[in-house]
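First to last, the sequence lines map onto chains V and U.
Note that this note's numbering numbers the first sequence so that position 122 is 191, with each residue one more than the last.
Note that this note's numbering numbers the second sequence so that position 109 is 178, with each residue one more than the last.
Number of protein chains: 2
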Amino acid sequence: MGIIEKRAKHKEEFRREILDSAREVFINDGYDGFSMRKLAEKIDYSPTTIYLYFKNKDDLLFAICEEFFANFFAELNHIRSVFRDPVETLRQAFLYLMNFGLKNPNQYKLIFFTKSVYGTREELVEQVSMARNTYFVFKEIVQDCINAGKLRKIEVDVIVDTLSMASHGVIAKNIHCANFSKERSDVAAHTLVDILLRGLQK
Amino acid sequence: MGIIEKRAKHKEEFRREILDSAREVFINDGYDGFSMRKLAEKIDYSPTTIYLYFKNKDDLLFAICEEFFANFFAELNHIRSVFRDPVETLRQAFLYLMNFGLKNPNQYKLIFFTKSVYGTREELVEQVSMARNTYFVFKEIVQDCINAGKLRKIEVDVIVDTLSMASHGVIAKNIHCANFSKERSDVAAHTLVDILLRGLQK
DNA sequence: TAACTATATTAACAGTGTTAATAATAAATA
DNA sequence: TATTTATTATTAACACTGTTAATATAGTTA
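Okay, structure coming up:
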């Protein structure tokens with residue numbers, strides 16, 4: 070494809086193409102394995118062209134993260150509208166995140182373990198982002214359980230922290246133990262969920 | 070220091086010096102931030118000299134990991150000899166790992182999250198290593214609780230998996246949430262331990 | 001003294017993220 | 001229509017990276 074054909078593309082459309090290719094490379098090769106030159110070759114452009122559409126490597130990652138959180142946010146709202154029991158809602162919300170991680174460990178790692186793309190907690194809460202929205206709705210799901218008097222007397226923020234810790238741990242273990250079979254991983258993960266909700270409830 | 074003085078050093082002693090400096094660089098700058106050239110400058114040798122004492126970058130990391138597991142192994146045996154109640158022994162064993170991670174998140178990350186230095190679970194169990202020894206003694210601590218009839222009917226390997234998941238999660242969260250205050254981190258972590266042991270016991 | 005071994009060095013290869021300068025085309029204006 | 005301007009793409013370059021090959025030097029032994 071020559072330079073003339075390349076110019077025919079529309080800006081937004083091309084940005085999407087770059088982002089989709091970038092996600093593939095990020096997920097397949099990890100944050101370190103990803104390279105601007107590799108992505109450039111994949112989309113058949115020079116490496117510097119990417120810089121016209123994204124500030125840098127981390128800007129690409131940020132865009133990918135926001136897309137994930139947009140989906141997660143929508144799913145949490147859906148779960149909330151479907152389940153009536155607050156504890157069951159919490160369980161399903163947690164399971165969704167964990168199962169996403171088990172099915173897409175590389176993407177989970179990319180979003181949660183690679184870099185602190187959203188800065189500090191204060192910065193996350195101050196700046197508008199899908200990550201912020203997701204954080205708030207998850208917190209509300211926990212608060213619903215507390216309001217219904219279902220949980221032991223533990224600060225809502227602490228519960229949110231412990232649950233995200235647990236989810237992170239499931240995926241971290243899954244990634245670290247190279248030959249952790251899918252079945253074994255699932256068994257341990259779901260056992261952990263049971264233990265957690267058992268230990269949390271009155 | 071000229072080439073003549075450098076030659077006076079003894080091999081084993083020098084290997085130690087390199088390893089200690091390498092640990093510092095690895096912990097301060099992370100796995101990616103570490104570079105052979107950086108380490109070489111620190112010890113005032115050329116980068117290639119390091120290759121006479123260690124096979125490569127990952128060989129340095131392996132040596133650092135083995136040192137950690139040697140300490141962890143010794144500590145687990147000590148805890149086991151001090152506490153009588155098996156559940157309390159398990160709690161202390163778990164707390165030791167978790168608190169190490171909270172105090173040394175970068176080193177914990179280096180050992181558990183960076184690379185699968187010990188390969189698959191099968192490879193870990195087959196090859197002699199301090200990591201293997203540590204794995205076995207931790208499993209025995211859990212088995213003692215089961216033998217004493219203190220825990221719910223859950224496979225010992227599954228319990229070990231869930232506990233290591235939890236510990237990994239605490240540290241992963243601690244690292245990811247940039248401005249997670251030390252206090253907040255400690256509260257969530259210790260709450261998680263309570264929830265876990267509560268959910269595990271009969 | 002000559003040969004050999006151990007230890008250290010420099011130079012090089014192929015790769016990285018990113019910036020600066022430049023070319024070329026499309027669009028807008030005189 | 002001719003000319004200027006804006007947009008988009010390019011190449012070249014900088015300072016890094018892990019690692020290997022070839023080379024030089026010092027110490028030990030025959």
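Ideal placement from N, C-alpha and C gives every residue a C-beta, glycine not left out.
Note that the structure is a prediction, hence the values are computed from the model and not measured.
Is the segment 97 to 110 of chain V touching the segment 186 to 200 of chain V, taking contact as three or more C-beta pairs under 8 angstroms? Cβ pair count under 8 angstroms is below three, so no.
Interface residues of chain V facing Val-239/U [CB-CB closer than 8 angstroms]: Met-234, Gly-238
Run of the alpha helix (DSSP H) containing Lys-111/V, from where it starts to where it stops: 105 to 112
Is Leu-193/U helix, strand or coil by DSSP? Secondary structure of Leu-193/U (DSSP, three-state): helix.
Less than 6 angstroms between C-beta atoms, sequence neighbours within five positions excluded: which residues of the same chain meet that for Arg-84/U? Tyr-122
Residues in the same chain with beta-carbon distance under 8 angstroms from Ala-257/V, minus the five sequence neighbours each way, listed in chain order, please. Val-239, Lys-242
Say whether chain V places a C-beta atom closer than 8 angstroms to the C-beta of Phe-182/U. For Phe-182/U, at least one C-beta of chain V is nearer than 8 angstroms to its own C-beta.
Please list, in chain order, the chain V residues whose beta carbon lies closer than 8 angstroms to that of Arg-267/U. Annotation: Cβ neighbours of Arg-267/U in chain V (cutoff 8 angstroms, chain order): Arg-267, Gly-268.
I'd like to know if the segment 225 to 239 of chain U and the segment 200 to 214 of chain U are in contact, where contact means that at least 3 CB-CB pairs between them fall below 8 angstroms. yes
Considering only the beta carbon of each residue, do Gly-99/U and Asn-175/U sit closer than 8 angstroms? Cβ atoms of Gly-99/U and Asn-175/U: closer than 8 angstroms.
Check whether chain U comes within 8 angstroms of Ile-73/V, counting only Cβ atoms and requiring the distance to be less than that. Confidence at Ile-73/V is low in this model, with a pLDDT of 46, below 50, so its placement is unreliable and no value can be given for it.
Helix, strand or coil: how does DSSP classify Leu-266/V here? helix
Which same chain residues, not among the five before or five after Gly-170/V, have their C-beta less than 6 angstroms away from its C-beta? Tyr-177, Ile-240
Rounded to a whole number of angstroms, what is the C-alpha to C-alpha distance between Met-234/V and Ile-119/U? Cα-Cα distance, rounded: 38 angstroms.
So which residues of chain U does Ile-119/V contact, with C-beta pairs closer than 7 angstroms? Identification of chain U residues near Ile-119/V by a Cβ-Cβ cut-off of 7 angstroms yields none; the smallest Cβ-Cβ distance measures about 21 angstroms.
Between the CA atoms of Thr-158/V and Arg-149/V - distance to the nearest angstrom: 6 angstroms
Going by DSSP, name the residue or residues bridged to Leu-220/U. Gln-270/U
Is it buried or exposed, Val-94/V, if we count other Cβ atoms within 10 angstroms and call 16 or more buried? buried
I need the straight-line Cα distance from Thr-201/U to Cys-134/U, nearest angstrom please. Reading off the sequence shown, one finds Arg at residue 201/U, where the question assumed Thr. Roughly 12 angstroms between the two C-alpha positions.
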